[in-house]
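Using numbering that gives the first Met the number 0, you'd call the opening residue of the sequence shown number 0 and step up by one each time.
Positions of the beta carbon are idealized from the N, C-alpha and C atoms, including for glycine.
Nothing here was measured: the structure is a model prediction, and the numbers come from that model.
Data first, discussion second: the structure below is written as structure tokens.
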Amino acid sequence: MNCITLSGKLVERKALRYTPAGVAVSEGWLQHSSSQIESGVERLVEVEIAVVALGENARWLQAAPLGGAVKLTGFLAAKSRNSKAPVLHVNTLEFLEGNENGSILQEEG
């Protein structure tokens, strides 16, 4: 199974672009920070991960303010054939603050 849910702040976002087939693509970086228990010991976990959203989710990711808190659900895939760096592909986007607080947007299909 390859399913991940991660909350954090959107810290970087590229300009909206379109594939040759006309599908909207939004790419950026999510910064996550939390306390986790590992082997009975609490530790601070901090990570930044590349994110990509397609279609309607790309438009919503573009609308999210930089520094705004979001919860993203999707799957991990390698960035490319040549780079095995993980990228979170967004299927669901939830705004955790602002006017859209609580709005959940899901990929259709």
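The region 31 to 42 makes no contact with the region 81 to 96: fewer than 3 CB pairs, one atom from each, lie closer than 8 Å. For L60, the secondary structure class from DSSP, reduced to helix, strand or coil, is helix. Per the coordinates, the alpha-carbon of L75 lies some 7 Å from the alpha-carbon of C2. Assigned with DSSP and collapsed to three states, E41 falls in strand. Around the beta carbon of K78, fewer than 16 other beta carbons sit within 10 angstroms, so the residue counts as exposed.
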